[in-house]
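Anchor point for the sequence shown: position 444 equals 447 in my numbering, and the numbering is continuous, going up by one each time.
Using N, Cα and C, we set each Cβ at its ideal position, and we do this for glycine too.
Quantities reported herein were computed from a predicted structural model and do not represent experimental measurements.
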Amino acid sequence: MTYNFKEVNESYTLAEAIREAQRCLHCKVPACKKGCPVSNDIPEWIAELAKGNFGNAMGIINGRSNLPSVCGRVCGHERQCEGSCVLGKQGHHINIGKLERFVADFDSDAGLTHEAIPEKTRGRIAVIGSGPSGLTIAGDLSRQGFAVEIFEMESEPGGVLMYGIPEYRLPKDVVRREIRKIENLGVVFHLNTTIGENYPIDSLFKQGFDAVFIGTGTGVAKRLDIPGLSHPGVRQAIRFLRRVSLYESGFMSRDEVIVGNDDRVYVVGCGNTAIDAARTALRMGSKEVTVVYHRDITHMKALRSEYEDAVKEGVKFLWNTTITNVEALDEYRLKQLTLNTSGVESVVPVDHVVMAVGSAPASRIVSSTGGIEVDDKGYVLTRDNPYGMTSRKGVFAGGDVTNRPATVVHAMRDAKQVAEGIARYVDAIKLMESINNATISKKENE
4 MTYNFKEVNE SYTLAEAIRE AQRCLHCKVP ACKKGCPVSN DIPEWIAELA
54 KGNFGNAMGI INGRSNLPSV CGRVCGHERQ CEGSCVLGKQ GHHINIGKLE
104 RFVADFDSDA GLTHEAIPEK TRGRIAVIGS GPSGLTIAGD LSRQGFAVEI
154 FEMESEPGGV LMYGIPEYRL PKDVVRREIR KIENLGVVFH LNTTIGENYP
204 IDSLFKQGFD AVFIGTGTGV AKRLDIPGLS HPGVRQAIRF LRRVSLYESG
254 FMSRDEVIVG NDDRVYVVGC GNTAIDAART ALRMGSKEVT VVYHRDITHM
304 KALRSEYEDA VKEGVKFLWN TTITNVEALD EYRLKQLTLN TSGVESVVPV
354 DHVVMAVGSA PASRIVSSTG GIEVDDKGYV LTRDNPYGMT SRKGVFAGGD
404 VTNRPATVVH AMRDAKQVAE GIARYVDAIK LMESINNATI SKKENE
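As structure tokens, this is what we get:
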């Protein structure tokens, strides 16, 4: 059976959304809100939706989330808001994610929300990277009166939202729509612009920025010490997913994707990225895709719903299994793998292996900027006051590059805290500048 990249989860109709919203008990102490990493005011906007007040519902959501159409699709609702819903004890939790997606999509299609853009007088902020962290920082600070400019190395903004999450889970047009909302707040995007050796952070300060935020994520794949794993037939999941995204957008040929075409593929790891890679390999024409995980199903990092969808599509799973050797067929393709399952070895034929065992930060920015301390794994070290500031004054960091978040919404939660830290810092230095200027002026007039 073949699958295309059409979105797999359908939205509610208007009548279905209102009926679902009317089931909400509007709890006095909403557990769903506590379960949401960004503390979304869930009962409040659901109550507005239940009455048909879509604009009010969207306004409440915008108060906590800059990416509601994204969160409604890819958040781990089963472990967060929906998993905390009191109706879940009866097996019928409110479908919060699907409702959030409906409200955001309806609002965008109808053009209901037109946010007032405040005058940009509080300071200038440079944001490096346009993934969930960078977009959240930009949206929050722009709404607070800061002039924000985003510097993105790719030809299109979005980061992992655009290049790391497959189309069938998160359509690229949805990402583009959310980015346009950020842009409409007055945020300026600089694309095909790589901050690093030839364009260091120091140059941003020279341009007059008051603070810089590093939100570049983790772009360097981790590697395991397994014989044969350096062969070109072994692909990294994050690069594989990026190539597929570029191919789907018309920026890369099918041959450059490599994986697919009736291949036998083994995916190593069992987080959401591994599941995405496995299901994407099927969509690219692989005849057999197997996920290999060194622990059992109860320890997998992937959402249970993602796992179940993968099984329905034909992905196979090997638990308590590791790869101990990779043997090549030629310079491009593999021949076979040696597997160890609970102490029993076996040899299986394979064409490609996709590694999804995590990633680490690139050193491009840190190595070109003095004063930014990192830990022994390359993650940027930050402080709690002001939250998110690195050892370099005025330089902040957040998201995966600091080794804190693990999902889109957790990156957003961290970024919202960093945005508060940036605002406090810039307000403080502006106040000090004002006091110093007043003191100088007074002395000159004496």
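Per the C-alpha coordinates, the member of T301, V411, I217 positioned closest to L173 is V411. Pairwise C-beta distances place the segment 230 to 240 out of contact with the segment 144 to 151, as fewer than three of them are shorter than 8 Å.
The shortest CA-to-CA distance from I229 to any of L342, G211, Y390, A418 is the one to L342.
Counting only runs that start and end inside the segment 127 to 193, the beta strand (DSSP E) elements of at least 3 residues fall at 127 to 131, 150 to 154, 191 to 193.
Under the three-state reduction of DSSP, M415 is assigned to helix. Bounds of any alpha helix (DSSP H) do not take in T196, whose DSSP letter is neither H nor E. Of G402, G79, M165, R127, the smallest CA-CA separation from P364 is found for G402.
Residue state for S362 is assigned as strand, using DSSP reduced to three classes. Between the beta-carbon of I182 and that of G161 there is about 6 Å, and that keeps the pair under the 8 Å contact cut.
The DSSP-derived three-state label of I120 is coil. Counting along the chain, I300 sits inside no beta strand (DSSP E), nor does DSSP assign it H or E at all.
In the three-state scheme derived from DSSP, where H, G and I count as helix and E and B as strand, H355 is classed as strand.
A distance below 8 Å separates the beta carbons of F216 and V421.
With contacts defined as CB atoms closer than 8 Å, L340 and H355 fail to qualify as a contacting pair. Taking a contact to require three or more Cβ pairs closer than 8 Å, the segment 196 to 211 and the segment 110 to 125 do not qualify as touching. For L332, the closest of S133, R427, V353, I438 by C-alpha to C-alpha distance is V353. Listed in chain order, the non-local C-beta contacts of E251 below 8 Å within the same chain comprise F8, E170, K175, local neighbours out to five positions each way being set aside.
Ranked by how close their Cα comes to the Cα of K396, the residues R226, V318, I375 have I375 in first place. Looking only at A281, G272, N69, G199, the smallest Cα-Cα distance to G373 is reached by G199. Only residues of its own chain outside the window of five on either side were considered, and among them A363, P364, S366 have a CB closer than 7 Å to the CB of G381, listed in chain order. Taking a 10 Å sphere around the C-beta of Y15, we find 16 or more other C-beta atoms and assign the residue as buried.
Scanning its chain for C-beta atoms nearer than 8 Å, with the 5 sequence neighbours on each side dropped, one finds around M287 the residues V247, V260, V262, G263, N264, in chain order.
In the DSSP annotation of this structure, the continuous segment of the alpha helix (DSSP H) that includes F109 starts and ends at 99 to 113. Looking only at C78, N98, I45, the smallest Cα-Cα distance to R22 is reached by N98. Here the alpha carbon of A141 sits roughly 18 Å from the alpha carbon of P389. Taking L17 as reference, the option from N439, V106, S87, E157 with the minimal CA-CA separation is V106.
Taking the C-beta atoms as reference points, V404 is found nearer than 8 Å to G218. In the DSSP annotation of this structure, F8 is not part of any alpha helix (DSSP H), being labelled neither H nor E. Counting only residues of its own chain and dropping the five nearest sequence neighbours on each side, A305 has a CB closer than 7 Å to the CB of C273, G274, N275, A277, I278.
M415 and V178 have their C-alpha atoms some 15 Å from each other. Counted as a single uninterrupted DSSP element, the stretch harbouring Y390 is not any alpha helix (DSSP H), since DSSP gives it neither H nor E. Rounded to the nearest angstrom, the gap between the Cα atoms of Y310 and N201 is 43 Å.
Looking from the CA of Y296, the closest CA among V270, S289, K290 belongs to V270.
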